[in-house]
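Read in order, the letters of the sequence shown are residues 8 to 246 in this note's numbering.
Note sheet for the following structure.
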Amino acid sequence: MSELLRIEDLKVNYGGIEAVKGISFSVEEGQIVTLIGSNGAGKSTTLRTISGLVKPKSGKITFAGEDITGMDPTNVVHHGITMSPEGRRIFPDMTVKENLIMGAYLRKDDLSDDFEYVYSLFPRLKEREWQAGGTLSGGEQQMLAVARALMAKPKLMMMDEPSLGLAPLVVKGIFDIIRQINAQGVTILLVEQNANMALQVAHSAYVLETGSITMTGTGAELLADERIKEAYLGKHHSD
């Protein structure tokens, strides 16, 4: 397996606060890699920095062998990185189909196969193709956010808190889809509060605490680790 994404000594400041304190990690092609940690640990900031929405203070981001540090977001998408953002951020007044087209805004080729593909993953979206995004349930909006990110044909798809605020059954469905997308060859970098679910799907995992990586291992290793159980798996979140 070859390395697709490498983060080296990344430091990011928010105002006067050092949100990310010199972290380094890598994502192998074809893997699901997860960053877990409590709120405010710097997980979302890391994704936003990779996607070009936040400029790092220092450090280096390499994607497919190319330095993309500080590149603007459109260019990052052009390179093959998309993001399904926290809070879904769909366009509520646009139809499902129009939202999907927005995901493919940089593409000039035919999209019909891609519509078929995302509708095969999410039959509910096909049923609601002409409904406004804002009328969908929370779970359906999350499906739409994921489908929209897939429309750009990414090499790496970043997902920020896909299970947030969803019922347990819906969460299970979303994680099944994450596995399916990955099986189709898309590399995934996942930020998730639901550590249990995230570690079950992840090939490798990193624990972020207050801007620093404190542990790393395979998903299975961290699931079995007493410190992880204590910190993240002890109490089952209802979200």
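Cβ coordinates follow ideal geometry from the N, Cα and C atoms, glycine included.
The model shown is predicted, which means the values in this text are computed figures rather than measured ones.
Using a threshold of 8 Å, state whether the C-beta atoms of residue i and residue j are closer than that.
| i | j | result |
| --- | --- | --- |
| Ile-30 | Thr-53 | yes |
| Ser-58 | Ile-39 | no |
| Leu-12 | Leu-163 | yes |
| Ile-75 | His-86 | yes |
| Phe-129 | Leu-107 | no |
| Ala-139 | Thr-81 | no |
| Ala-48 | Glu-216 | yes |
| Tyr-213 | Leu-60 | no |
| Lys-50 | Val-19 | no |
| Val-208 | Arg-186 | yes |
| Val-125 | Met-158 | yes |
| Leu-132 | Met-150 | yes |
| Ser-211 | Thr-225 | yes |
| Val-177 | Gly-218 | no |
| Asn-203 | Leu-240 | yes |
| Leu-113 | Val-84 | yes |
| Pro-175 | Gly-141 | no |
| Glu-10 | Ser-33 | yes |
Taking residue i as part of the beta strand (DSSP E), name the residues at either end of that continuous run.
| i | result |
| --- | --- |
| Ser-170 | Run containing Ser-170: none; DSSP gives neither H nor E here. |
| Ala-212 | 211 to 216 |
Where DSSP assigns a beta bridge to residue i, which residues make up the other side?
| i | result |
| --- | --- |
| Ser-33 | Arg-13 |
| Leu-163 | Ile-88, Thr-194 |
| Val-40 | Leu-196, Ser-211 |
| Glu-25 | Asn-20 |
| Ala-139 | Thr-102 |
Name the two residues that bound the continuous alpha helix (DSSP H) containing residue i.
| i | result |
| --- | --- |
| Leu-67 | Per the sequence presented here, residue 67 reads as Lys, with Leu not at that position. Here Lys-67 belongs to no alpha helix (DSSP H); instead the beta strand (DSSP E) covers 65 to 70. |
| Met-222 | Per DSSP, Met-222 belongs to no alpha helix (DSSP H); it is in the beta strand (DSSP E), 219 to 225. |
| Lys-236 | That residue, Lys-236, is in no alpha helix (DSSP H); it is neither H nor E in DSSP. |
| Leu-151 | 145 to 157 |
| Thr-52 | 50 to 57 |
| Glu-257 | No statement about residue 257 is possible, as the shown extent of the chain runs from 8 to 246 and does not include it. |
Are three or more beta carbon pairs between the segment 193 to 205 and the segment 163 to 177 nearer than 8 Å?
yes
Hey, which unbroken runs of the beta strand (DSSP E) at 3 residues or more fall wholly within the segment 72 to 115?
88 to 91
How about the segment 20 to 27 and the segment 177 to 191: do they share at least three Cβ pairs that are nearer than 8 Å?
no
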